[in-house]
Each structure stands twice: as structure tokens, then as C-alpha cells.
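Structure first, commentary second.
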Amino acid sequence: MKIPSTPIITLTTDFSSDLYRGQMKGVILSINEKVQIIDIGHHTRHYDILEGAFLIWQVSSRFPPGSIHVGVIDPGVGTFRAGLAIKTDKFYFIGPDNGLFSLALKDQRIKTIIQIDPSRFEKVSSTFHGRDLFAPLAAHISLGEKIEDFGQRIDKIKLLKLKKDSIIYIDEFGNIITSIREISPLAKKVIIHYQDRKIKAKFAQAFAGVKTGEFVVLRGSSGYLEIDKNKDSAARDLGAKVGEDIEIHS
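Here it is in C-alpha cells:
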């Protein structure tokens, strides 16, 4: 796989503030000042691996082949969890072995998985592998170096399993993305079951299919069913959280 003439490294973290992502960018640029660094998002809910996995999955495939995707949602940093460098037929993924790349890898053909060897790097903190392992490794790969030079090959990594009938992501508009794919194509009205609430909603093709403030269920751009509220927040109304159970019946 060829690295683009202007290498691309993306960053997805739960850091929120500028301090930690700024340090990662500084490390990358000190190794390869010609790289282009793209911020995918740094406001994933803290420690929420599933939300980060969904974000990386939905965004990574839109980038040019050879792009390097770094993910740092890492509640297990400093424990025995491994750091990974994964080469697929299209991209590189670098981050903790905690399931963060599970969803993105479903659509990829994996060629090589490396467990990162910390001894290949200088001054590795036990609490900030994003800066001390993942960022420098991404920069070295952007220079054309082989991931095999930074650790040992492994065959298995930790994978997340999407829970049936659950919430996998909530976007900035309060739209609820579920793990539900199928519903009767003839359905025009559905019932949303969430905790102790039952809500009647229309099954439509777009937000504008209902009046302002009304609930609507539609098939989102991710391919999963979404629960939305026209010009309002469905998540706020329901008090919804990622990982919780939800059902949609026609």
C-alpha cells in the first residue's frame, strides 16, 4: 500500500481540550513536518470505546488509500492491554487493543497486525501512549517505514460486539443511531420502546417527513435505523445514552 505524496494522519480521541492533542501533533510534526494532520473528533464521551469505534468506522473509509488513522479512547492505558498497528488493504489503524477499530475493520481486508513494542520508543509514559507510542509510530509510517519494525506480529485482537437493539451513537443534533438494520419496508408508522416509554413515530425518508418537534424513524447514512426529532433533540427528550437498549417495532 502506497502512502500518499502528502501523508495523511487522522486523530480521533476523547481528550476534549487542546493540551493532549497538541502534544500528539507536535510529536508527529517533529518526525515528519510534511504530514497533513486531520482532526476527526476529540469530543467523544470520555472512555466510550463504542462511540469512538463508530466514529472511526464511519469516517475512515472516506479518506484516500494509505491514510493513517490514530485512535485514542484508552481507559486501559498503563495496564496489560496492548498497543496495535494494523495494516489493511487500504489504511493503517494505530491505537489500543480494546475494540476501538472493530467496526472499521469489518469492511477491510487485514494484511498485518503488530503488537507495538514500547522498547522501540524513547521515554514512554504509562499514562499517555497516544503521545509516546501511537503518534510517533504514525509519523514513522508516514515516512514509509514498515510497521513490522515496531513490534511483533499477532493474529488476534479484541473485538466489540454490537448489542442487538441498542444505541450505538448519538450525534450533535441529538439523533439516535441504533444497531437495528431491518424494519418492514412497507411500514409507515412505528413504535419506539425505550425504558418505560412507548412513542409512536413515522417511518420516513427524511427529517422533513414529519412536523417540527415530532419523532421520526429513518434509515440513516450509516445504514442503521435512526431515531430523530425534527428540529429538536430525540436523545434529550428520551434521556438516551449510548449502549442502552432500544427497540423499534412496525
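Read in order, the letters of the sequence shown are residues 1472 to 1721 in my numbering.
Don't be surprised by glycine CBs; every beta carbon is placed ideally from N, CA and C.
Query                                                                                                        : Result
Whether residue 1621 touches residue 1588 by CB criterion (8 Å)                                              : yes
Any beta strand (DSSP E) of 3 or more consecutive residues that is wholly inside the segment 1630-1711       : 1638-1641, 1647-1649, 1660-1665, 1668-1674, 1686-1690 and 1696-1700
Rounded straight-line distance, which links the Cα of residue 1676 to that of residue 1481                   : 32 Å
Reduced DSSP category for residue 1553 - H, G, I as helix; E, B as strand; rest coil                         : coil
Pairwise C-alpha distance: residue 1590 and residue 1547                                                     : 19 Å
Where residue 1589 falls: helix, strand or coil (DSSP)                                                       : helix
DSSP-derived helix/strand/coil call for residue 1510                                                         : strand
Beta-carbon gap between residue 1716 and residue 1667 smaller than 8 Å                                       : no
Cβ neighbours of residue 1586 in the same chain (closer than 6 Å, five flanking residues each side left out) : 1553, 1622, 1623 and 1625
As assigned by DSSP and simplified to three states, the class of residue 1536                                : coil
Span of the beta strand (DSSP E), counted from its first residue to its last, around residue 1565            : 1563-1567
Beta-carbon separation (whole angstroms), residue 1681 vs residue 1719, contact threshold 8 Å                : Going by Cβ atoms, the distance from residue 1681 to residue 1719 rounds to 15 Å, so no, they are not a contact pair.
Beta-carbon spacing of residue 1639, residue 1633 below 8 Å                                                  : yes
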